[in-house]
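Novice: Letter by letter, the sequence shown follows residues 4 to 182 in the working numbering. This structure is in structure tokens; I'll ask about it shortly.
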Amino acid sequence: MRAAHERVRAELGPVDILVNAAGASSDALVAATGEADWRRVLGARVDGSFLWSRAVLPEMMARGWGRIVNLGGHDPAAAPRGAADAAASGAVAALTAALAREGAPRGVTVNAIAPAFVRTPSTTENLTEAQRRQAHAAIPAGRFGEPEEFAHAVRFLVSPLAGFVTGTVLDIDGGLHLV
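Below, the structure written as structure tokens:
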């Protein structure tokens, strides 16, 4: 990771905006969650966010400006999901808050978006029609989110317009967190 960060800095200059968007999920319940699956989900969603944020936060704070957006961070009790997903979501929300407290005094905002289902090739190809209908029925908006809806939220959070927004987890889930 450090080598990757050094390459990015050498080729592009200092990092002003970091979007931690690595994703992995598992809907397995505790008894069915193997250690490898647990480590895969938490490694991608929590460890990756921590390591990249730790690498760029000091230089952002030194410059007095930076934006970090983490993906994932629903309230782990909000919707039914597997053990690893719930743990990763809670950890990302807590990490976001810790980073926001650290960065805010020096002009760095740190937020998270908590997405629900996104209409992607993965959700259209890997879910059966019955699974898609069931997911749509669980979401108050009655549909999956569009990739653009998530991209616009990230765009806002990294913009100067969100300079006073930090430590927030923005639910982009069609109301799923209300269920």
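Every residue, glycine too, gets a C-beta built ideally from N, C-alpha and C.
#1: Ala103 and Gly166 - do their beta-carbons sit closer together than 8 Å?
#2: Would you decide whether Leu15 is buried or exposed? Buried here means 16 or more other CB atoms lie within 10 Å of its CB.
#3: Taking contact to mean 3 or more Cβ pairs, one atom from each stretch, closer than 8 Å, check whether the region 62 to 71 and the region 16 to 35 are in contact.
#4: From the DSSP output, in three-state form, read off Val18 for me.
#5: Straight-line CA distance for Gln134 to Ala34?
#6: Can you tell me whether DSSP reads Thr171 as helix, strand or coil?
#7: Straight-line CA distance for Ile71 to Asn129?
#8: Got a sec, what are the start and stop residues for the beta strand (DSSP E) Ala101 sits in?
#9: Near Glu105, which residues of its chain fall below 6 Å by C-beta distance, leaving aside the five closest residues on each side in sequence?
#10: With distance defined between alpha-carbon atoms, name the residue in Val161, Leu181, His180, Val172 nearest to Trp68.
#11: Looking at the structure shown, is Gly51 part of a helix, part of a strand, or coil, going by DSSP?
#12: From which residue to which residue does the alpha helix (DSSP H) around Val44 run?
Specialist: Straight from the coordinates:
#1: Taking C-beta atoms as the reference points, Gly166 and Ala103 fail to come closer than 8 Å.
#2: Counting Cβ neighbours within 10 Å, Leu15 comes out exposed, since fewer than 16 surround it.
#3: A contact exists between the region 62 to 71 and the region 16 to 35.
#4: Three-state DSSP puts Val18 in coil, outside helix and strand.
#5: Taking the Cα positions, Gln134 is about 23 Å away from Ala34.
#6: Three-state result, Thr171: coil.
#7: If I take the Cα positions, the gap works out to 30 Å.
#8: No beta strand (DSSP E) holds Ala101; the alpha helix (DSSP H) holding it covers 86 to 106.
#9: Nothing meets the Cβ criterion.
#10: Nearest of Val161, Leu181, His180, Val172 to Trp68, Cα basis: Val161.
#11: Helix at Gly51.
#12: First-last of the alpha helix (DSSP H) with Val44: 38 to 45.
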